[in-house]
Amino acid sequence: MIALELYIAYNLTTDDTTRRKFARSYNRYSTLKASQEFPFLDWSIYLRQLSTYAPSDVQAKMKRNDFEFLIEEPTMLAKLDSYLSSGRYSARTIQKSPMEFDVSARRREPWSIIRPLPEWRALTSYDNQCASFTIGDLPYANARVFLDTMYPMRNDRIVFRQKFADFMESVLISFRSMVDHLSWMSIKSKEGAYSKIDDLTKNIAYPDFITDDKLLTQYYAALDIEPEVNSITFPLGILQQPFYDPNWPSSMNYGAMGVVVGHELTHGFDDQGIQWDGTGVLYEWMDSSSFASFEVGSHFF
66 MIALELYIAY NLTTDDTTRR KFARSYNRYS TLKASQEFPF LDWSIYLRQL
116 STYAPSDVQA KMKRNDFEFL IEEPTMLAKL DSYLSSGRYS ARTIQKSPME
166 FDVSARRREP WSIIRPLPEW RALTSYDNQC ASFTIGDLPY ANARVFLDTM
216 YPMRNDRIVF RQKFADFMES VLISFRSMVD HLSWMSIKSK EGAYSKIDDL
266 TKNIAYPDFI TDDKLLTQYY AALDIEPEVN SITFPLGILQ QPFYDPNWPS
316 SMNYGAMGVV VGHELTHGFD DQGIQWDGTG VLYEWMDSSS FASFEVGSHF
366 F
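Right, dumping it as structure tokens:
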């Protein structure tokens, strides 16, 4: 199994720079097509296992032979198919490989790796471990508890969110002004950049549904599949001192949280972000001359 893992690491791993080009990874396959090209994997069983906790209508769609999905590395998958088909490994050998830890080992493993650092202190108490797990596994339920603690009054929540919305809007306006002054970007490309800014979904502090007990309960009643969207999100947890305080002078808020907002915004316009338009469609909205200038400039950062 070590030899197999080494083969995958050295021969089936695409470099980071290449992986940042999303168009090459947009390879649509139906279940039937994938089964024909990569027969070493039982795609029907694989998709059925993936949809175990999905709503019944999603499960029905994923059982169809014409169900479509993306395979990001078909060339590498073909190489893996060839390698496994060579007779070096049996399915039983792979199945019996100790690929997973038991629960207690999984809980200890992350801390055992980092523990040698003198400044690190492992999480030992069960309440801290529980809080850590709920942040990752139950983010909205966790957010509701935090929200009720920080802003129990509805009016205080409204005022807080509006103040930050105004603050964030000023950063977006400043960014738009910076784009407007780029001499190397064509008018058409600037319009594409403006559209991305205008289409930006702004998620401030918390989603509204978590304040409704019924809706929050419904959310966790079944798996909810959400598509990737063009959005910018600032959880309530970071909208606290020392990053932000609605009663601080603007200079302090811009110097702290303004930097964070601007940084997150630029992700939509870096070498990965420019490959998508404002609605999440893989689309080259920047013309060739502007893109060439963008690539030249990107080498300096």
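Under our numbering, think of the first position of the sequence shown as 66, with each following residue one higher.
Here a beta-carbon is modelled for each residue, glycine too, at the ideal position from N, C-alpha and C.
Since this is a predicted model, take the numbers as computed values, not measurements.
What number of angstroms, rounded off, separates the C-alpha of residue i from the C-alpha of residue j?
i	j	result
His328	Arg241	14 Å
Ala119	Lys98	23 Å
Tyr72	Phe87	25 Å
Gln266	Ala74	The amino acid occupying residue 266 in the given sequence is Thr; Gln does not appear at that position. The straight-line gap from Cα to Cα measures roughly 38 Å.
Asp336	Thr96	32 Å
Leu131	Ser100	According to the sequence shown, residue 131 is Asp rather than Leu. Approximately 11 Å between the Cα atoms of the pair.
Arg113	Asp107	10 Å
Asp289	Ala230	Reliability of the predicted coordinates at Asp289 is poor, the pLDDT of 45 falling under 50, and no value is obtained from them.
Asn220	Val123	39 Å
If you measure between the beta carbons of residue i and residue j, is that distance less than 7 Å?
i	j	result
Leu77	Leu145	yes
Trp249	Ser358	yes
Ser296	Asn268	yes
Leu69	Phe103	no
Ser355	Ser251	yes
Ends of the alpha helix (DSSP H) at residue i?
i	result
Glu133	Careful: Glu133 lies outside any alpha helix (DSSP H), inside the beta strand (DSSP E) at 133–135.
Phe225	219–245
Ala258	252–263
Lys98	96–102
Met141	139–149
Thr79	Neither: Thr79 is in no alpha helix (DSSP H) and is coded neither H nor E.
Could you please give the first and the last residue of the uninterrupted beta strand (DSSP E) stretch that includes residue i?
i	result
Ile339	Element bounds for Ile339: n/a, residue is neither H nor E.
Asn76	No beta strand (DSSP E) contains Asn76, which is instead part of the alpha helix (DSSP H) from 67–76.
Per DSSP, residue i forms a beta bridge with which residues?
i	result
Thr266	Ser296
Arg93	Leu135
Leu347	Trp341
Could you tell me whether the segment 230–247 touches the segment 338–351, using the rule of 3 or more Cβ pairs below 8 Å? no
Between the segment 268–279 and the segment 347–356, can you find at least three pairs of beta-carbon atoms closer than 8 Å? no
Contact between the segment 279–286 and the segment 191–201: three or more CB pairs below 8 Å? no
If we count Cβ pairs, one from each stretch, closer than 8 Å, do we get three or more for the segment 255–266 versus the segment 308–326? no
Is the segment 276–283 touching the segment 303–323 in the sense that three or more CB pairs, one from each, lie closer than 8 Å? no
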